Amino acid sequence: MSKFIDPNILGKLGTLTQAEADAAAFGVVKVDGNGKILLYNKYESELANVPIQTAVGKNFFTEVAICTNNRIFYGRFKEGMLTGDLDIAFNYVFTYKMKPTNVVIHLYHDKTSDTNWIFVKLR
Numbered sequence: 001m002s003k004f005i006d007p008n009i010l011g012k013l014g015t016l017t018q019a020e021a022d023a024a025a026f027g028v029v030k031v032d033g034n035g036k037i038l039l040y041n042k043y044e045s046e047l048a049n050v051p052i053q054t055a056v057g058k059n060f061f062t063e064v065a066i067c068t069n070n071r072i073f074y075g076r077f078k079e080g081m082l083t084g085d086l087d088i089a090f091n092y093v094f095t096y097k098m099k100p101t102n103v104v105i106h107l108y109h110d111k112t113s114d115t116n117w118i119f120v121k122l123r
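In case it helps, full-length UniProt numbering puts the sequence shown at residues 1 to 123.
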């Protein structure tokens, strides 16, 4: 499975601004180690139909994208947090508050900036 994240974005995750995230052609969600949303971009907001200001500060897995609160998605994230190694892409179907939507997910931990990311692209 291809990793769709722009290398320019990967190189500056530690300093990525809201404007830079909003310019991306895929969903960009920065979360802390427990899944609390620290940054939520325009693409993801429109895809999920969740306003940015509503999402930020909430838990991605248990409050915003509740359909991800399972072993396949949240389980992989938690495992990555435990091992300190998170760089996995997989196909997924979003179903919460929306018609079933096929996406590619890329969970990523940026070791340089010690930040965690959920990238989402329609497929």
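Using N, Cα and C, we set each Cβ at its ideal position, and we do this for glycine too.
Predicted, not measured: the structure shown is a model, and the values here were computed from it.
Discussion item. Just verifying my parser: in three-state terms, what is the DSSP assignment at threonine 62?
Written reply: Here residue 62 refers to the residue found at position 62 when the sequence shown is read from its first residue. Correct three-state label for threonine 62: helix.
Item to complete: State the beta-bridge partners of leucine 16 as determined by DSSP.
Response: Residue numbering aside, residue 16 sits at position 16 when the sequence shown is read from its first letter. Beta-bridge pairing by DSSP links leucine 16 to no other residue.
Item to complete: Would you mind stating whether lysine 36 and leucine 16 have Cβ atoms separated by less than 9 Å?
Response: As a working note, residue 36 is residue 36 in the sequence shown. As a working note, residue 16 is residue 16 in the sequence shown. Not a contact, by the Cβ cut-off of 9 Å.
Worksheet item: Using a Cβ-Cβ distance under 9 Å, would arginine 123 count as near chain B?
Response: Here chain B cannot be found, since the structure has a single protein chain.
Worksheet item: If we count Cβ pairs, one from each stretch, closer than 8 Å, do we get three or more for the segment 41–54 versus the segment 70–83?
Response: no
Discussion item. Excluding the 5 residues flanking isoleucine 5 on each side, which residues of the same chain have their C-beta closer than 8 Å to its C-beta?
Written reply: To locate residue 5, count along the sequence shown from 1; it is residue 5. So the list reads Phe26, His106, Tyr108 and Phe119, once near-sequence residues are dropped.
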